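Peer 1: Below is the structure I would like to discuss, written out as structure tokens.
Right, dumping it as structure tokens:
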């Protein structure tokens, strides 16, 4: 339901043009709305509304200031949308809408308001300076500054009884919002010693929303619409969620209270992401990358985190045996592995969650290093992510002799190692005559640990 306020000339406007000088047929109905979520808090609405009318050469021809609490039949707080009916001077060809320009969250609000005066030139490249992260709060005394794109005013309007509709004029918040949840999916209570989000940027932004928001925010390409900034200067910062002096304990199967905070527009470029860092039960965890590489104004980022029991598992198998042979089907006892002469050995490492489902390991690096004994494996190579392939000689150097190799797995900067003892054996008559699937091997757990994962789907 639209909230309506019908005025010929809004009170508080700057140097309003006498109604007698505005011809009949220049009455317009401006619908103002927000790009917002349905769960907006009482502090996230429109406190003051400013309409700036421009004409030829971007000259400001009128400025109208509206108090949304005067909207007829207003019963909601926050005020998220409304309608204003105005008579508009013939000089006006476009209108811009702003909300809460007097907010302390807009640190250069005095300069901006001073520049929006009748007779001046409207600067489309004007810069807005948002309060730093320590001062960026939204409450009854500090509203969210907002702005819109330009909206054309047709030369022919309407009458008081039948006004011309313009809009909806969409207001975009000049800041973004992030929500973090953390669920303990393990079977034990867990202490979170620290938890933070990193890689945000504090920087100057444009007063007006960039055109990409208007063109792509609602279509299938909205994920590719990156923010645009007036310069490259930025200051990185992290957002503390749980601080070291106030650790929290999350009961098994439960979640911490949702964490919400306002943040700045950010663009980290390609292949660089907002990250989550944590210390859990006194152990620092490998930072987890979210899927967010940028933050636009008005974005609402939701970052659900899951703490689960995970295992880093090594699987050793002969990917194929020599012609006429077949791989052994024995299970692995300890870390000693028997392989056929002339076979190819593949080692695979997977990170398995509590449900034994594999977790993506794009940053896993493997190395198999000779340690002692006969050199039974030719130098191998890294295959697809998480695999290492090595060739076994056609003839063992010394039958029944063993060779020790060290498997090194580097995951997110943390290195895990495991010594593996290989024994090369020859083929026998039974091996030549039997026909079985050419894949065999076994697995062992390299490391068990709590794994923090991010479930975002940007």
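Residue numbers (our numbering): 30 to 487. Note that beta-carbon positions come from the ideal geometry of N, C-alpha and C, so glycine has one too. Everything numeric in this text was worked out from a predicted model, so none of it was measured.
(1) Apart from the five residues on each side of it in sequence, which residues of its chain come closer than 8 angstroms, Cβ to Cβ, to residue 233?
(2) Tell me the DSSP secondary structure of residue 282 in three-state form.
(3) Rounded to a whole number of angstroms, what is the C-alpha to C-alpha distance between residue 305 and residue 213?
(4) For the putative contact between residue 435 and residue 450, defined by C-beta atoms under 8 angstroms, what is the C-beta separation to the nearest angstrom?
(5) Where does residue 86 fall in DSSP's three states?
(6) Can you tell me the Cα-Cα spacing of residue 464 and residue 369, whole angstroms?
(7) Under the DSSP definition of a beta bridge, which residues are partnered with residue 421?
(8) Kindly say whether residue 168, judged by its beta-carbon, lies nearer than 8 angstroms to any beta-carbon of chain D.
(9) Sorted by chain position, which residues of the same chain lie with C-beta nearer than 7 angstroms to residue 365's C-beta, five sequence neighbours on each side aside?
(10) May I have the straight-line CA-CA distance separating residue 381 from residue 387, to the nearest angstrom?
(11) Could you pull out every residue in the same chain whose Cβ sits closer than 6 angstroms to the Cβ of residue 194, ignoring the five residues on either side in sequence?
(12) Pick helix, strand or coil for residue 138, following the three-state DSSP scheme.
(13) My guess is that residue 280 and residue 218 are in contact by the Cβ rule of under 8 angstroms, so how many angstroms apart are they, rounded?
(14) Just to confirm the assignment, what range does the beta strand (DSSP E) spanning residue 219 have?
(15) Which value, in whole angstroms, describes the spacing of the CA atoms of residue 73 and residue 175?
(16) If distances are taken between C-alpha atoms only, which option among 109, 336, 118 comes closest to residue 284?
(17) Taking all protein chains shown into account, do 16 or more other C-beta atoms lie within 10 angstroms of the C-beta of residue 85, making it buried, or fewer, making it exposed?
(18) Is residue 174 helix, strand or coil by DSSP?
(19) At the level of alpha carbons, what is the spacing between residue 132 and residue 379?
(20) In the DSSP assignment, find the beta strand (DSSP E) that holds residue 132 and state where it starts and stops.
(21) Just to confirm the assignment, what range does the beta strand (DSSP E) spanning residue 153 have?
(22) Name the two residues that bound the continuous beta strand (DSSP E) containing residue 194.
(23) Mapping the DSSP letters down to three states, classify residue 311 as helix, strand or coil.
(24) How is residue 253 classed by DSSP in three states: helix, strand or coil?
(25) In this structure, how does DSSP classify residue 237 when only helix, strand and coil are distinguished?
(26) Can you give the Cα-Cα distance for residue 191 and residue 271, rounded to whole angstroms?
(27) Between the C-alpha atoms of residue 109 and residue 313, what's the straight-line distance to the nearest angstrom?
(28) Going straight from the alpha carbon of residue 71 to that of residue 416, what length do you get?
(29) Which residue marks the beginning of the beta strand (DSSP E) containing residue 110, and which one marks its end?
(30) In angstroms, rounded to a whole number, what distance separates the CA positions of residue 254 and residue 446?
(31) Does residue 496 come out as helix, strand or coil in the three-state DSSP assignment?
(32) Thinking C-alpha only, which one of 95, 268, 291 is nearest residue 171?
(33) Identify which residue in 400, 168, 89, 338 has its Cα closest to the Cα of residue 129.
(34) To the nearest angstrom, how far is the alpha carbon of residue 320 from that of residue 196?
(35) Hey, would you say residue 229 sits closer than 8 angstroms to residue 266, going by beta carbons?
(36) Spatial neighbours of residue 202 within its chain, please: CB distance less than 7 angstroms, with the 5 preceding and 5 following residues excluded, ordered by chain position.
Peer 2: Answer, in terms of the structure:
(1) Leaving aside the five residues that flank residue 233 on each side, the residues in its chain whose CB is nearer than 8 angstroms to its CB run, in chain order, 156, 157, 158, 258, 259, 260, 262.
(2) In the structure shown, residue 282 sits in coil (DSSP, three-state: anything other than H, G, I, E or B).
(3) Rounded to the nearest angstrom, the two C-alpha atoms are 16 angstroms apart.
(4) The pair is not a contact, with the Cβ atoms about 11 angstroms apart (cut-off 8 angstroms).
(5) Residue 86 carries a helical assignment under DSSP once its states are collapsed to helix, strand and coil.
(6) With a pLDDT of 32 at residue 464, under the threshold of 50, the predicted position of this residue should be treated as unreliable, though the coordinate-derived value follows. A direct Cα-to-Cα measurement between residue 464 and residue 369 gives close to 15 angstroms.
(7) DSSP output for residue 421 lists no bridge partner at all.
(8) Considering every chain present, this structure includes no chain D. It has just one protein chain.
(9) Take residue 365, set aside five residues on each side of it, and the residues of its chain with a beta-carbon closer than 7 angstroms to its own are 450, 452, in chain order.
(10) Their Cα atoms are separated by approximately 5 angstroms.
(11) Within its own chain, the residues whose Cβ lies closer than 6 angstroms to the Cβ of residue 194, once the five positions on either side in sequence are excluded, are 58, listed in chain order.
(12) Helix.
(13) Your pair residue 280 and residue 218 checks out as a contact, with CB atoms roughly 5 angstroms apart and the cut at 8 angstroms.
(14) Here the beta strand (DSSP E) through residue 219 covers 219–231.
(15) Near 10 angstroms, if we compare the C-alpha coordinates of residue 175 and residue 73.
(16) Comparing Cα positions, the closest option is 336.
(17) Label assigned to residue 85: exposed.
(18) Note: residue 174 maps to coil in three-state DSSP.
(19) Going by the C-alpha atoms only, they are around 51 angstroms apart.
(20) Careful: residue 132 lies outside any beta strand (DSSP E) and carries neither H nor E.
(21) That residue, residue 153, is in no beta strand (DSSP E); it is neither H nor E in DSSP.
(22) Residues 193–202.
(23) Coil, per DSSP.
(24) Looking at residue 253 - three-state DSSP - the assignment turns out to be helix.
(25) Residue 237 falls in the coil class under three-state DSSP.
(26) Distance between the alpha carbons of residue 191 and residue 271: 57 angstroms.
(27) Residue 109 and residue 313 have their C-alpha atoms some 43 angstroms from each other.
(28) Answer to the nearest angstrom: the Cα atoms are 53 angstroms apart.
(29) Membership of residue 110 in the beta strand (DSSP E) is indicated by the continuous run 110–116.
(30) Rounded to the nearest angstrom, the gap between the Cα atoms of residue 254 and residue 446 is 43 angstroms.
(31) The structure shown has nothing for residue 496, since the chain only spans 30 to 487.
(32) Of the candidates 95, 268, 291, the one whose C-alpha sits nearest the C-alpha of residue 171 is 291.
(33) Nearest of 400, 168, 89, 338 to residue 129, Cα basis: 168.
(34) Going by the C-alpha atoms only, they are around 34 angstroms apart.
(35) With contacts defined as CB atoms closer than 8 angstroms, residue 229 and residue 266 qualify as a contacting pair.
(36) If you ignore the 5 residues before and after residue 202, its C-beta comes within less than 7 angstroms of the C-beta of 173, 175, 326, 327, all in its own chain and listed in chain order.
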